[in-house]
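Asks: Position one of the sequence shown corresponds to residue 3 (this note's numbering), numbered consecutively onward. All C-beta atoms, glycine included, are put in the ideal place defined by N, C-alpha and C. Given the structure is predicted, the values throughout are model-derived calculations rather than measurements. A single structure is presented below for examination.
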Amino acid sequence: MEVRGFENQTRFRTNQGFNQSSRGLSLTVGHLLVEEVFGAATYTYQRVHIKDVEDSAPSLVKRQAAESGGVSNTSSLAFALTRDTRDSFSEPTRGLRARAAFEYAGGFLDADNDFTKYSLELSQYWPLWWKFVGHVRGNVAYGESFGDTPTLPVQERFFLGGVGSIRGFRNFTISPRETEGGDGITGGNKAFFINNEVLFPLYEALKMRGLVFVDLGNVFDERGNFEWSVKRSAGLGIRFTSPIGAIRLEYGFNLAPEKGERAQVLHFSAGTAF
3 MEVRGFENQT RFRTNQGFNQ SSRGLSLTVG HLLVEEVFGA ATYTYQRVHI KDVEDSAPSL
63 VKRQAAESGG VSNTSSLAFA LTRDTRDSFS EPTRGLRARA AFEYAGGFLD ADNDFTKYSL
123 ELSQYWPLWW KFVGHVRGNV AYGESFGDTP TLPVQERFFL GGVGSIRGFR NFTISPRETE
183 GGDGITGGNK AFFINNEVLF PLYEALKMRG LVFVDLGNVF DERGNFEWSV KRSAGLGIRF
243 TSPIGAIRLE YGFNLAPEKG ERAQVLHFSA GTAF
């Protein structure tokens, strides 16, 4: 059993024109159900404050900030199943990690926000030639509001971009925009991305590996004029294991930059590799 309290301050000035703070408590219980399959359930209660809203912020943000002073509470239950057959957590060369998750908020759990979210992630490793390793990771996610919540709340919407999803884009900048070609990004209720990598040893004494990658994906919103489009990037990087976890330094190139997007982005992260 894990009990965790949290308090976060997130700044969205650059792309969305507001700040967001959250605090809350979560309780997780998990159990190995059968060999290689782990189940977990998490209850979360959090309070989110949308504040410091600028005139340039999307109308979705302004509307949420105007309601109850921008403060809303979420009470949710989440369930996840994970199957992991990888031969190593830190440097896998073969095996599968699959995770399916469902979250239900509001309704009989009360609080202010009513929504459901679903996600599925598959990550497959397999050996190639010599010590080269292939890796493909795919993720799809969907969310919808119900009851008295007209649209998925800002803090629950999907944004992509960055080392954890599509490299070559700044963090959380892949999103539908309020107006065609505009600057205000609103997040979406549907998202997908695929990472394709080839990893190879650089300096085995330090468990350092190089990689080349191609990423693709996008985020879509509730509007009916659904248009299929894909963001694409490619790049290279290095990755090694340290006492604090996986260190990643990766350089991504946006293969088709649009207005407001950078042509390339350098990413750094420390913690866990996907």
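(1) Can you tell me the Cβ-Cβ gap for Y257 and R234, rounded? I've got them flagged as a contact below 8 Å.
(2) Which of the three DSSP states, helix, strand or coil, is assigned to L238?
(3) I'd like the span of the beta strand (DSSP E) that includes R49, first residue to last.
(4) Short of 6 Å in beta carbon distance, which residues of its chain neighbour F161, apart from the five on each side in sequence? Order them along the chain.
(5) Comparing alpha-carbon positions, which option in L208, G164, S244, V200 lies nearest R264?
(6) Suppose you measure from the CA of D54 to the CA of Q157; what does that come to, to the nearest Å?
(7) Checking 8 Å against the spacing of the C-beta atoms, do A102 and A82 come in under that value?
(8) From R15 to I52, what does the alpha carbon distance come to, in whole angstroms?
(9) Excluding the 5 residues flanking V142 on each side, which residues of the same chain have their C-beta closer than 6 Å to its C-beta?
(10) Considering Cα atoms alone, identify which of K261, F222, A272, V221 is closest to P245.
(11) How would you write the range of the alpha helix (DSSP H) that V63 sits in, first residue to last?
(12) Secondary structure at L208, three-state DSSP: helix, strand or coil?
(13) Starting from the C-beta of F104, find all residues in its chain whose C-beta is less than 6 Å away, skip the five residues before and the five after it, and write them out in chain order.
(14) Can you find the residues in the same chain that come closer than 6 Å, C-beta to C-beta, to N75, ignoring five residues on each side of it along the sequence?
(15) Could you give the C-beta distance for G286 and G212, rounded to a whole number, given that I count them as a contact under 8 Å?
(16) Where does L62 land, buried or exposed, given buried means 16+ other C-beta within 10 angstroms?
(17) Can you tell me which residues form a DSSP beta bridge with W132?
(18) Given a cut-off of 8 Å on the beta-carbon distance, is the pair L201 and H269 in contact?
Replies: Looking at the coordinates:
(1) One detail in the question is off: residue 257 reads as Leu in this sequence, not Tyr. With a Cβ gap of about 4 Å, L257 and R234 count as contacting.
(2) Correct three-state label for L238: strand.
(3) R49 -> beta strand (DSSP E) spans 39–53.
(4) Here F161 has F174, S177, G189 as same chain residues with Cβ atoms under 6 Å from its own Cβ, once five neighbours each way along the sequence are excluded.
(5) Considering only alpha carbons, the answer is G164.
(6) So the two alpha carbons sit approximately 15 Å from each other.
(7) In this structure, A82 lies closer than 8 Å to A102 by Cβ.
(8) Low per-residue confidence applies at R15: pLDDT is 46, beneath 50, and the placement is therefore not dependable, though the value from the model is reported in the following sentence. Their backbone Cα atoms lie some 12 Å apart in a straight line.
(9) The residues are L122, F194.
(10) Ranked by how close their Cα comes to the Cα of P245, the residues K261, F222, A272, V221 have A272 in first place.
(11) Boundaries of the alpha helix (DSSP H) around V63: 61–68.
(12) Correct three-state label for L208: helix.
(13) The residues are F81, Y120.
(14) Only R49, A113, D114 meet the Cβ criterion.
(15) Because the chain spans 3 through 276 in this model, residue 286 falls outside it and cannot be assessed.
(16) Label assigned to L62: buried.
(17) Answer by DSSP bridge pairing: none, since W132 is not bridged.
(18) The criterion of a C-beta distance shorter than 8 Å is not satisfied by L201 and H269.
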